[in-house]
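Data first, discussion second: the structure below is written as structure tokens.
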Amino acid sequence: MNIKRNIKRVMIVGSMIVAISFGGNTWGSSTVNASPVAKLSLSAASTDRDNLLEALKQPSGEDLYYSLYEGKSLAKVASENSADVQQVIDLQTKQLTRQLDQRLASGGITLEQYKAYMAEVPDIIRSSVYSL
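Position 129 (the sequence shown) corresponds to 129 in the UniProt record's numbering; numbering is contiguous.
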């Protein structure tokens, strides 16, 4: 008898969670939602990756991967290779701005979202380069 009551409770609570999850999407339709995935072409991504390796004076993507895996920041990798950290910051800013421009042009984000994202670009890049 006690098991039946627990199963009923689980079913009721589970149904409520599903209803709230699906219903919550329609209630917040006037809010600005970010799309975490940017649509990129492979040719642009490989060129940008090469530019990043050049800016960091890294011989290969594998070397950069292992440096980052060891917990080094991009700024640390740049300083170890006598590279200009500001060049890395400028490159990443350019790349992120270009991605946002493409998403705005394709209709992936609204102008309001674009402005909000652009305001966050300096902080995002700083966090990325210095691993904050």
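Note that beta-carbon positions come from the ideal geometry of N, C-alpha and C, so glycine has one too.
| query | result |
| --- | --- |
| G108 to Q99, Cα distance in whole Å? | 11 Å |
| What residue does the alpha helix (DSSP H) around K76 start on, and which one ends it? | 74-80 |
| Considering Cα atoms alone, identify which of Q58, A116, E62, I124 is closest to K94. | I124 |
| So L91 and A55 are supposed to be a Cβ contact under 8 Å. How far apart are they, rounded? | 5 Å |
| How many Å lie between A78 and Q113 at the Cα? | 32 Å |
| Please determine, among I89, L111, S131, T110, the residue with the shortest C-alpha to C-alpha distance to P122. | I89 |
| Please report how far the alpha carbon of R126 lies from the alpha carbon of L132, in whole angstroms. | 8 Å |
| V129 and L52 - do their beta-carbons sit closer together than 7 Å? | no |
| Just to confirm my understanding: we take T97, look at its own chain, exclude 5 residues before and 5 after, and list those with CB closer than 8 Å. What are they? | M118, V121 |
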